[in-house]
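Enquirer: Residue numbers (the numbering used here): 18 to 360.
To start, I am sharing the structure in question, which I have written as structure tokens.
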Ligand SMILES: Nc1ncnc2c1ncn2[C@@H]1O[C@H](COP(=O)(O)OP(=O)(O)O)[C@@H](O)[C@H]1O
Ligand SMILES: [Mg+2]
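Printed below as a string of structure tokens:
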């Protein structure tokens, strides 16, 4: 439950980080996150965003995770900023022991959550392209920074927040899901954001992006972030499958979403393809993650909130069959067929 003022300890941490008195701060809760308390904090004519990791996530199932993930998010955002500049959320100050970070405030008048924009049918292909470029740049940096492998040895966190609730939880139900789990827990390939989804991206009218919420950052499977984002976009694309009465607006935004998915993938692939290091995830791995994620968002601990049960049934059948019997295609071919409804 979100309270309208945070507890005094938290207020004290924020006041100390901002070097003001707690009574000088005005707090307003933000909604949208399940793993953290997020507040807008106003003081002396300025605004910041205060984020504190919760020990227990706000979802129906019991789901606990260490609060040190707040400090991991700060480290990811700080490194990402050296690579993709202001496209990564800006950390103003943080207290790793308290699990609290203060971020630059992105005002809702200017910045919109990309998930909300997509669900409203506003699909900006520039955002998808920028995300592909950004992820490709980050993976390029990771390929050239071997120390990252030890700096982000966060496999326990990644296991608690991603592998377990999303994939291991449903592994017994789907053929080859155990292989996906095995790959995710053993691969040490690149710096993974870990929650690279539309809800963790803010966008403005010019197509600029701010990437947030890197609590699950780890040095892990290169297929994870691109597969994860792609699955989120395909799930939104699936909203228009059912029902005879589909508005022109819904159809147009579905087409735009199809273009955006391909745009993301092409920009990611082309950005990584420009470097000599071999860092591209194998196509089959990315496809596995896409399919496993589609299933996880239907049957895992953090289920999708915008698909009908008929749409979910259809996706489950399609994704589980494809996961069980992989087809030898590139990611691009896979996406083209999926989006055209040819698989
Ligand atoms: N710095 C910020 N400025 C404005 N809004 C923000 C900021 N950080 C987060 N938000 C909003 O709050 C939501 C939850 O934040 P997020 O960091 O994703 O937390 P959680 O880990 O709980 O998902 C985001 O989806 C975004 O809409
Ligand atoms: Mg989030």
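Every residue gets a Cβ at the ideal spot worked out from N, C-alpha and C, and that includes glycine.
Source: prediction; values computed, not measured.
Quick test of your reading: residue 250 and residue 311, contact by CB under 8 Å. State the CB separation rounded to the nearest angstrom.
Expert: Contact doesn't hold; Cβ gap of about 11 Å is too wide.
Enquirer: Within 10 angstroms of the Cβ of residue 18, are there 16 or more other Cβ atoms? Answer buried if so, exposed if not.
Expert: Confidence is the limiting factor: at residue 18 the pLDDT is only 49, short of 50, which leaves the residue's position unreliable and the question unanswerable from this model.
Enquirer: If you measure between the beta carbons of residue 329 and residue 315, is that distance less than 8 Å?
Expert: yes
Enquirer: Please indicate yes or no: does the CB of residue 230 lie closer than 7 Å to some heavy atom of ligand 2?
Expert: Yes - ligand 2 has a heavy atom lying nearer than 7 Å to the Cβ of residue 230.
Enquirer: Considering only heavy atoms of ligand 1, does any lie closer than 7 Å to the CB of residue 55?
Expert: yes
Enquirer: Could you tell me the alpha carbon to alpha carbon distance between residue 187 and residue 318, rounded to whole angstroms?
Expert: 9 Å
Enquirer: Tell whether a beta-carbon distance below 8 Å holds between residue 231 and residue 142.
Expert: no
Enquirer: Could you please give me the residues that DSSP links to residue 266 through a beta bridge?
Expert: Its beta-bridge partners do not exist; DSSP assigns none.
Enquirer: Quick check on residue 55: does DSSP put it in helix, strand or coil?
Expert: strand
Enquirer: Taking the beta carbon of residue 62 as the centre, do at least 16 other beta carbons fall within 10 Å, making it buried, or is it exposed?
Expert: exposed
Enquirer: Pairing CB atoms from the segment 176–183 with CB atoms from the segment 199–208, are three or more of them under 8 Å?
Expert: A contact is defined here as three or more CB-CB pairs under 8 Å, and the segment 176–183 meets this definition with respect to the segment 199–208.
Enquirer: In the DSSP assignment, find the unbroken alpha helix (DSSP H) run with residue 357 in it and report its ends.
Expert: First-last for residue 357: undefined, no H or E at that position.
Enquirer: Starting from residue 63, trace the beta strand (DSSP E) in both directions and tell me its first and last residue.
Expert: 63–70
Enquirer: Can you name the start and end residues of the beta strand (DSSP E) that residue 46 belongs to?
Expert: 43–46
Enquirer: Is there at least one non-hydrogen atom of ligand 2 closer than 7 Å to the beta-carbon of residue 7?
Expert: This structure cannot settle anything about residue 7, because the visible part of the chain is limited to 18 through 360.
Enquirer: Does DSSP put residue 237 in a helix, a strand or coil?
Expert: Residue state, collapsed to three classes: strand.
Enquirer: Could you check which residue in 257, 171 and 122 has the C-alpha nearest to that of residue 327?
Expert: 257
Enquirer: Given a threshold of 16 other Cβ atoms within 10 Å of its Cβ, counted over all protein chains shown, does residue 244 qualify as buried or as exposed?
Expert: With 16 or more other Cβ atoms within 10 Å, it is buried.
Enquirer: Who does residue 110 pair with in a DSSP beta bridge?
Expert: 119
Enquirer: What are the start and end residues of each continuous beta strand (DSSP E) run of 3 or more residues lying completely inside the segment 162–216, in chain order?
Expert: 207–209
Enquirer: Return the CA-CA distance between residue 59 and residue 67, expressed in angstroms with no decimal places.
Expert: It is roughly 10 Å from the alpha-carbon of residue 59 to the alpha-carbon of residue 67.
Enquirer: Can you give me the Cβ contacts of residue 90 inside the same chain, cut-off strictly under 6 Å, excluding the 5 residues immediately before and after it?
Expert: 231 and 232
Enquirer: Could you have a look at residue 18 and say whether DSSP puts it in helix, strand or coil?
Expert: Low per-residue confidence applies at residue 18: pLDDT is 49, beneath 50, and the placement is therefore not dependable enough to give any value.
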